[in-house]
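**Q**
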Amino acid sequence: MLLEIENLTKSYPSSDGPVPVLRGVDLSLDVGQTLALTGESGSGKSTLLHLVGGLDHADSGSIRIAGQEVTTLDDQGRAALRRHEVGVVFQQFNLIPSLDVAANIAFQARLSAQADPTRIEDLARALGLTDHLRKYPEALSGGQQQRVAIARTLAARPRLVLADEPTGNLDEATAGEVLTQMLDLVAETGAALMVVTHSAGVAARMGRRVHLSGGHLA
Amino acid sequence: MTGAALAALWSHWARNPLQLFTLIAGLALATALWSGVQAINAEARASYDAAAATLGEGRFDQLLPRVGETIPQERYIALRRAGWQVSPVLEGRLATPDGSIRLLGLDPMTSPGGLSPVALGGEDMDLVSFLSDGIIFADAVTAAQIASVVDLEVIVDPSVAPGLALTDIGVAQRLLDRGGVLTRLILAQVQPKGLVPLTELAPDLMRRVAQEGSDLGRLTDSFHLNLTAFGFLSFAVGIFIVHGAIGLAFEQRRTMVRTLRALGLPLRRLVWLMVAELAVFALLAGTLGVVLGYLIAAMLLPDVAATLRGLYGADVAGSIRLRPGWWLSGYAIALGGTAMAAAGALWQIARMPLLASARPRAWVMARGAGAARSGALAAGLLLGAGALALWGSGMVMGFALLACLLTGAALALPLLLRIVLGICQARARGVVAHWFWADTRQQLPGMSLALMALLLAIAANIGVSTMVSSFRLTFVGFLDQRLAPELFVGVEDAREAAALEAFLEGRAREVLPVLSVETRMAGLPADLYGARIGMTYRENWRFLASDGPVWDRVAAGEAVIVNEQLARRSGLWVGGELAVAPDVILPVIGIVADYGNPIGQAVISEALFQRLFPDIIATRFGLRTDDADRLRTALTSEFGMSEAVMIDQKDIKAFSLEVFERTFTVTGALNVLTLAVAGFAILMSLLTLAAIRLPQLAPVWALGLTRATLGRLELLRAVVLALLTAVLALPLGLALAWVLLTIVNVEAFGWRLPMYLFPLDYARLGLFALMAAVMAALWPARRLARTAPGELLKVFANER
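Quick note, the sequences are listed as chains A and B, same order.
231 is the number that this note's numbering gives the last residue of the first sequence; the numbers go up by one with no jumps.
1242 is the number that this note's numbering gives the last residue of the second sequence; the numbers go up by one with no jumps.
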């Protein structure tokens, strides 16, 4: 199993005491599988995704990626996990504004010492970015920026791709197009994909769907 | 990984060259002003040390004659015959086309080790040549000066102190036309046992014990401390700019930082890379700053050298040498300044949660949120300044008071401006005026650092110009008091002095001998003067404090007058008692201002002086006459006096005023530079704000204001803020002047000056500040007026 989550809990502090968000979540995902994680706003979808990506710390429970326990890793270990095993696609794209498109796509692969120019060219072509490689993010539309973010994630060949509302900022037509390209490319690499979404349409295109409510998966 | 991360970090600067320029330029300017001052200080101190080493002040005891006298060569021979290991020295000034140089004659056969030119030990140089050929040693500049006036071989020896030439004592006696006389004797550290004591052999010679460090070093410490304080002020203004640039750059990069970390770059590595990045910038800016500092120092040093020569008689090289220590200190201050300016930003990055978002605008506003905290700190500092003014003492306290006052006022500025702008907003009529004041208030956090820099620069200008102008007024009055005699003349010995007095009878209205002895009074080194009390003293001297018929009692030998330096340092005032000699204690009856020398002085009557020091005769005289030219002619043609020993009062006044003006050239130049740096800070703040405030301006544009109007309002905003800052800087500047005049000057020089106000000067300075603000705001305003509508529309499209 690529991803195994057991009895995961997480709460946030507030003036009225800790507010529990995840109350013992169990989940698993294998290589090549796709999963949609849905739920109301504030239900803890993004929190779960951030915990899996090593971006945040759980209160208790276990997260194992390719057999490696994530919750006990220090900052260095989590950073290494994000470089080599996990790729995150954010709703806000999070491109580096001062780097051009080509440098943005190559960036994570360079961080993990896996930069392959041919792979980058292929990804750019597949995502329709070939004509935009020398442009800076500010000159791209939202859909184009999200394609760059997807290309950046996949260029590093992660085993697990995490996407947080990847089409949340895009119009319907563009969203469908971007999702198709992402699913195709993920399938091509054999990675697992976990998508956090509000959209029933997006969820319908994933292999599995789980709903998060009251801190539990259903 | 490191390469990719560095490329990403660097890409920010490549895309924001203006921010990089601000950072480098701010740091370079700060380093330049600081290291320029340090270079001047280092050069001066090296000159003092070289002079002290050459003259043996620090290592050997010396025997000195009374003030104005010399030691006959026979006395030296007598001491040698008595077994004392002494070495003769003759010192004097040799006129050159560029002024004069100090000529020092030594006897290499008897001088203690180390007291001779380094080059004398060279392969091509031997003692015989030095003694027989009449060779002169000097540094390159002095050698070039002296070569034009003497027909002797001049050897360049960089170890010789600037402005000093060394030669054999016989040669010096010939060149100075002072055969058979010496100015002092140097005592070897080890003397034979069983010698007849010097107090018996030479009771008229004063033994000055060897001192650690040089006299000049100590004497000029306060001058250098003043320079250092100004250098530090300029540095602080520069660091304001750097702090602003780094703060904004780091905030703008928070998105990147979050992304880099999300993509797997460890936080520790990221922070270290940022530290390394800043260190590279600091080194680059440090190099620029040190080069600029060198240029500033080279530009200012001639004036500093002239000041030190005029005020303290200290010869300082007129050109800067590149000293490794100075380069290193330049880099150290650049790195230290960067660390100081970046510490907060780096700390925030290191503690920033991975999922935090970037909000440059919020960063700007967050600085406003800290206004209350700054206000509390400002109040604390200003209270501390008040406490120091009331209860503190000493030079260090004076500077601590200045630091509290300036920092407290700078921190209070945003709060005060906020209040004033709030009042303006409340009273505004019309929607545009209302928006203008509200928007100006909102801009305050982003502009506050630059405005603080401007406040400090204007206040420093007001403070220093008030001090200098007050000093100038007082000094001119002082010169009129003290330089009442129309002519000053000098004689060689007692016989000539008596002949002169006889000759002047009926020819001069009053003859005022200058009788003095170097002594110690109230435990301090001081000069005691004997005055021939007549109309000149009675009419011209003004007292800071006095009691009763001062001159009558002094003339009767019943009281003493002391100068302000001696009074303040010894805690004596009118009514106190001063021992002018071991068994002569007199009441202090008057305190006089004395801006002409750094040490204490006391004045008693001529008769009492002659009773106490019967061996001392006057060799200088001040002459009162209604026709100085006729008396001068009579002295040369009838008495046979050389023109060289006569000095016209007008010449002395002109020289004194010239020295005075040059003294403050340096501080004036530093003031102008500080104001320029503050103008630069405003420019950079406005440019930075312009880049991040389109979201505030776009709605106003969309609602009907033209871009040109927005541009004009931007310009007006800068002028309003600069004007308010200038108005608030006035009381701060006056407070600064008060501290300088009543605390720092008293500690540094021993005198307290009256404070005068110069409203026209302040108005002119305010105008300069406004012009600087307008110049700084023109470019950003023009850019705003020409912003493409598409850029403004992007704000509404949420695509920026």
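Don't be surprised by glycine CBs; every beta carbon is placed ideally from N, CA and C.
What residue does the beta strand (DSSP E) around alanine 1009 of chain B start on, and which one ends it?
**A** Premise fails: alanine 1009 of chain B lies in the alpha helix (DSSP H), 1006 to 1012, not in any beta strand (DSSP E).
**Q** Please confirm whether valine 101 of chain A and valine 174 of chain A have their CB atoms less than 9 Å apart.
**A** Yes; because the gap between Cβ atoms is below 9 Å, this pair is in contact.
**Q** Buried or exposed: proline 991 of chain B, going by 16 or more other Cβ atoms within 10 Å of its Cβ?
**A** Exposed, because fewer than 16 other Cβ atoms sit within 10 Å of the Cβ of proline 991 of chain B.
**Q** Near serine 890 of chain B, what residues of its chain come up, given a Cβ to Cβ distance below 6 Å and the 5 sequence neighbours on each side ignored?
**A** Cβ neighbours of serine 890 of chain B beyond the five flanking positions: Pro856.
**Q** Against chain B, which members of the stretch 96 to 112 of chain A pass a CB distance test of less than 8 Å?
**A** Of all residues in the stretch 96 to 112 of chain A, Arg96, His97, Val101, Phe103, Asn107, Leu108, Ile109, Pro110, Ser111, Leu112 have a Cβ within less than 8 Å of some Cβ in chain B.
**Q** May I ask you to list the residues that DSSP assigns as paired with lysine 23 of chain A?
**A** BP columns for lysine 23 of chain A point to A:Leu35.
**Q** If I measure Cβ to Cβ from proline 31 of chain A and keep anything under 8 Å in the same chain, skipping five residues before and after, which residues do I get?
**A** Cβ neighbours of proline 31 of chain A beyond the five flanking positions: Ser24, Tyr25.
**Q** Give the C-beta separation of leucine 957 of chain B and glycine 972 of chain B to the nearest angstrom, bearing in mind that I take them to be a contact with Cβ-Cβ under 8 Å.
**A** Yes, leucine 957 of chain B and glycine 972 of chain B are in contact; Cβ-Cβ is about 4 Å, under 8 Å.
**Q** To which residues does DSSP link tyrosine 971 of chain B through a beta bridge?
**A** Answer is B:Ser958, B:Val1045, bridged to tyrosine 971 of chain B.
**Q** So, at 6 Å on beta carbons, what are the nonlocal neighbours of alanine 1021 of chain B in its own chain, with the 5 sequence-adjacent residues on each side left out?
**A** The answer, listed in chain order, is Ile1027.
**Q** Alpha carbon to alpha carbon, how far is alanine 950 of chain B from glutamate 943 of chain B? Give it in angstroms, no decimals.
**A** C-alpha separation (whole angstroms): 10 Å.
**Q** Determine the DSSP secondary structure at leucine 705 of chain B, reduced to helix, strand or coil.
**A** Correct three-state label for leucine 705 of chain B: coil.
**Q** Considering only residues of the same chain and omitting the five flanking positions on each side of glutamate 981 of chain B, which have a CB-CB separation below 7 Å?
**A** Closer than 7 Å at Cβ, skipping near neighbours: no residue.
**Q** Spatial neighbours of leucine 462 of chain B within its chain, please: C-beta separation below 6 Å, excluding the five flanking residues on both sides.
**A** Closer than 6 Å at the Cβ level, and outside the excluded window around leucine 462 of chain B, lie Trp455.
**Q** Measure from the C-beta of aspartate 69 of chain A to each C-beta in chain B and report whether the shortest distance is under 9 Å.
**A** Chain B, which has a Cβ nearer than 9 Å to the Cβ of aspartate 69 of chain A, makes this yes.
**Q** Under 8 Å: do the stretch 56 to 64 of chain A and the stretch 212 to 221 of chain A share three or more Cβ pairs, one atom per stretch?
**A** No contact exists between the stretch 56 to 64 of chain A and the stretch 212 to 221 of chain A.
**Q** For a contact meaning CB atoms closer than 8 Å, what does aspartate 88 of chain A contact in chain B?
**A** Within chain B, the residues near aspartate 88 of chain A are Pro708, Leu709, Arg710.
**Q** Which chain A residues sit within Cβ distance under 7 Å of histidine 454 of chain B?
**A** What histidine 454 of chain B touches in chain A: Ser111.
**Q** Name the residue from B:Gly1110, B:Ala783, B:Asp922 whose alpha carbon lies nearest to the alpha carbon of leucine 1099 of chain B.
**A** That would be B:Asp922, whose Cα lies nearest to the Cα of leucine 1099 of chain B.
**Q** Which value, in whole angstroms, describes the spacing of the CA atoms of alanine 1088 of chain B and proline 514 of chain B?
**A** Note on residue identity: the sequence assigns methionine, not alanine, to residue 1088 of chain B. About 24 Å.
**Q** What are the partner residues of arginine 47 of chain A, as DSSP defines its beta bridges?
**A** It should be pointed out that residue 47 of chain A corresponds to threonine in this sequence rather than to arginine. A:Leu206.
**Q** Taking 9 Å as the threshold (beta carbon to beta carbon), is arginine 457 of chain B in contact with chain A?
**A** Yes, arginine 457 of chain B lies at the interface with chain A (some Cβ there is under 9 Å from its Cβ).
**Q** Can you tell me where the beta strand (DSSP E) with glutamate 938 of chain B in it begins and where it stops?
**A** No beta strand (DSSP E) holds glutamate 938 of chain B; the alpha helix (DSSP H) holding it covers 936 to 946.
**Q** Would DSSP call aspartate 7 of chain A helix, strand or coil?
**A** Nothing can be reported for residue 7 of chain A, as the shown portion of chain A is limited to 14 through 231.
**Q** I'd like to confirm the pairing. Which residues does DSSP put opposite glutamine 81 of chain A in its beta bridges?
**A** Per DSSP, A:Ile78.
**Q** Where does histidine 211 of chain A fall in DSSP's three states?
**A** Coil.
**Q** Distance cutoff 9 Å, beta carbons only. Does leucine 702 of chain B sit that close to anything in chain A?
**A** Yes, leucine 702 of chain B counts as interfacial toward chain A.
**Q** So, valine 1256 of chain B versus threonine 609 of chain B, is the Cβ gap smaller than 9 Å?
**A** There is no way to answer for residue 1256 of chain B, as the model of chain B reaches only from 443 to 1242.
**Q** Pull up the DSSP beta-bridge partners for threonine 131 of chain A, would you.
**A** DSSP lists no partner for threonine 131 of chain A.
**Q** What residues in the stretch 123 to 145 of chain A have a beta carbon less than 9 Å from any beta carbon of chain B?
**A** Against chain B - using a Cβ distance shorter than 9 Å - the residues of the stretch 123 to 145 of chain A are Arg123, Leu124, Ser125, Ala126, Ala128.
**Q** Does the Cβ-Cβ distance between arginine 172 of chain A and alanine 49 of chain A come in under 9 Å?
**A** No; because the gap between Cβ atoms is not below 9 Å, this pair is not in contact.
**Q** If you draw a straight line from the C-alpha of leucine 196 of chain A to the C-alpha of leucine 690 of chain B, how long is it?
**A** Answer to the nearest angstrom: the Cα atoms are 39 Å apart.
**Q** Of all Cβ atoms in chain B, is any one closer than 9 Å to the Cβ of alanine 116 of chain A?
**A** Chain B contact via Cβ: present.
**Q** Is there a Cβ from chain A that is less than 9 Å from the Cβ of methionine 443 of chain B?
**A** It does; some Cβ of chain A falls within 9 Å.
**Q** Classify glutamate 511 of chain B as helix, strand or coil using the three-state DSSP reduction.
**A** Three-state DSSP puts glutamate 511 of chain B in coil, outside helix and strand.
**Q** Where do the ends of the alpha helix (DSSP H) carrying glutamate 642 of chain B lie?
**A** Element bounds for glutamate 642 of chain B: 640 to 643.
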